[in-house]
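*Asks:*
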Amino acid sequence: MNDHDIRNRFEELEAGGILGDLDAEEIKEWELLSKDPRCKRDFSLELTAAAIEAEFLQSRQSELPQNVKEKLRTGIAGFVAPAPANVVSLPAWRRILSAPQFAWGIAAALAILLVAKTLFEEPQSIHPAPLAGVALPPSEAKSQLMRKARDLKESDFGGLADYGKMTGKVIWSDALQEGYMTLTNLPVNDPAVKQYQLWIVDPKRDEKPVDGGVFDIPATGTVVVPIRNPVAVNDPQAFVITMEQPGGVVVSKQQVVVAIAKAY
Amino acid sequence: MQQCITKYSGLVWSIARRYVKNHTCVEDVVQETFTDLWKSANRYDPAVASESTFIGMLARRRAIDFARKESRRPQLEPLPEAESLPQSSAQPTFFIRGESGDVVAAIKDLPEETRQIFSLHFDEGMTHPEISEKTGLPLGTVKTRLRRGLIEVRNKLRQAESGEAAQPSNSINS
């Protein structure tokens, strides 16, 4: 087969994959060809199939049942638009990092670094990616990460003060830059009044904690919250959840530390 | 997001039901499709695909994934994550906005037999063996016609859209 034939064959197998009709032999052939530099994958056939399907379904589309719609709305109630700018205030972080409940080894060093940094710089402005609070189930994304990550780190959250009943875990992969919090017994919040906010402490990257964004707890029980770090986090030493005003802008006087997951 | 649910939940629900038989799994597909959408919304480029095409693609992926698990058929490979979609800043190598009129025109240009197979597959939701049984065509012919028809429609959409400037208007990443 010449180059043209090989590309055509690969394209036909791609189409078969999208239509879900490849047999075992074709799968092997497809796997082999997909490693060939002459065979380039793109999304065009998949998009075409979706466009055709949408076109045909136009006339026979059925409405989402009301109960499913309600579940969906509840499930995505934690989807929050990003705040325009979140300002991390130094005093707040000093207090968090030196919390007596936790003999946190890095706290002192970090606090000193924060002070030094703040003397010379304006407070950090961060544009966080939004977080999704997804009611369980599904937690497939988290399960996927647990299956595929080779460097998965896990740590327990401990609730502070009024949040002592909360429990939780955080898993994180430096290599995949992906992580999830599984939080139980966090009080439901009214997004119009206050919102939870995640902070990632990675001293190797920056003295200042990375804003992980704001999220809501739409219902009691357990929720899985994907971590949506806007910048690379390479060696997180702690994950801190705070309660903030809507939009997640931190104001030191209002600082409430909800929970901390220490270094692994 | 609420807007997207209102506008596209019917489409996602219909696609999910087409591929997945278990009712609970259908609900999961719908929920996970919208989670995928939320996660990948910043990668949606209206110049590359229309909203319904983009959301339909996400729904198909999830639904096919579930269907494979249901039937325990061998997996080709995990479908690409939503995050792997090209970003707006990247130079796209394809433009399949899939505007309704273009799709209809492209399908109309297909040979009659292929159009019939398309209708049975995409409209009636029939499997390849079911189409083979209904039409009397060998299974291999059904597969080939569908595959080549899909490629042909893609090529025609490319032709139709290559000269047009996309008019972004969307509710996904607004």
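Chains as they are written, first to last, in our numbering: chain B, 40 to 303; chain D, 41 to 214. Even glycine gets a Cβ: it sits at the ideal position worked out from N, Cα and C.
1) Going along the chain, which unbroken runs of the alpha helix (DSSP H) with 4 or more residues stay wholly within the segment 58–90 of chain B?
2) In the structure shown, what three-state DSSP assignment does B/Pro230 receive?
3) For chain D, check one thing: does any of its Cβ atoms lie closer than 9 Å to the Cβ of B/Phe95?
4) Rounded to whole angstroms, what's the CA-CA distance from B/Thr261 to D/Lys174? Just pull it up for me.
5) What are the residues of the segment 69–87 of chain B that lie near chain D, defined by any Cβ-Cβ distance shorter than 9 Å?
6) Three Cβ pairs or more, each shorter than 8 Å: is that satisfied between the segment 63–71 of chain B and the segment 139–150 of chain D?
7) Select from B/Ala231, B/Leu52, B/Glu109 the residue whose C-alpha is nearest the C-alpha of B/Lys79.
8) Just to confirm before moving on: does the CB-CB distance between D/Arg187 and B/Gly55 stay below 9 Å?
9) Can you give me the Cβ contacts of B/Ala101 inside the same chain, cut-off strictly under 8 Å, excluding the 5 residues immediately before and after it?
10) Within 9 Å of any Cβ in chain D, is that where the Cβ of B/Gly59 sits?
11) Does the CB of B/Ile91 have a neighbour CB from chain D at under 9 Å?
12) For B/Gln276 versus B/Lys247, is the C-beta spacing smaller than 9 Å?
13) Between B/Asn284 and B/Asp229, what straight-line distance do the alpha-carbon atoms span, to the nearest angstrom?
14) Could you tell me the alpha carbon to alpha carbon distance between B/Gln105 and D/Val66, rounded to whole angstroms?
15) Under 7 Å Cβ-Cβ, which residues of chain D neighbour B/Ala306?
16) Output the boundary residues of the beta strand (DSSP E) element that contains B/Asp250.
17) If I measure Cβ to Cβ from D/Ile147 and keep anything under 7 Å in the same chain, skipping five residues before and after, which residues do I get?
18) Express the C-alpha separation of D/Asn195 and B/Leu225 in angstroms, rounding to a whole number.
19) Would the beta-carbon of B/Ile91 fall within 9 Å of that of D/Phe94?
20) So, does the CB of D/Lys148 fall closer than 9 Å to a CB anywhere in chain B?
21) D/Asp163 touches chain B at which residues, Cβ-Cβ below 7 Å?
22) Does DSSP put D/Asp85 in a helix, a strand or coil?
23) Name the two residues that bound the continuous alpha helix (DSSP H) containing B/Val264.
24) Could you tell me the alpha carbon to alpha carbon distance between D/Gly165 and D/Pro178, rounded to whole angstroms?
25) In chain order, what residues of the same chain have a beta carbon less than 7 Å from the beta carbon of D/Leu98, not counting five sequence neighbours either side?
26) D/Thr75 by DSSP, collapsed to three states: which one?
27) Strictly under 9 Å for the Cβ-Cβ distance: is D/Lys183 near chain B by that measure?
28) Just grab the DSSP bridge partners of B/Glu283 for me.
29) Checking 9 Å against the spacing of the C-beta atoms, do B/Val263 and B/Ile280 come in under that value?
*Replies:* Once the coordinates are examined:
1) 63–73
2) coil
3) yes
4) 49 Å
5) Trp69, Glu70, Ser73, Lys79, Arg80, Asp81, Phe82, Ser83, Leu84, Glu85, Leu86, Thr87
6) no
7) B/Leu52
8) yes
9) Per the sequence presented here, residue 101 of chain B reads as Ser, with Ala not at that position. Here the set comprises nothing.
10) yes
11) yes
12) no
13) Here residue 284 of chain B turns out to be Gln, not Asn, going by the sequence shown. Distance between the alpha carbons of B/Gln284 and B/Asp229 is about 10 Å.
14) 14 Å
15) A question about residue 306 of chain B goes unanswered here, because the residues of chain B that appear run from 40 up to 303.
16) 249–254
17) Arg155, Phe158, Val193
18) 52 Å
19) no
20) no
21) Phe95
22) coil
23) Here B/Val264 belongs to no alpha helix (DSSP H); instead the beta strand (DSSP E) covers 261–266.
24) 18 Å
25) Thr73, Asp76, Leu77, Ala122
26) helix
27) yes
28) B/Gln234
29) no
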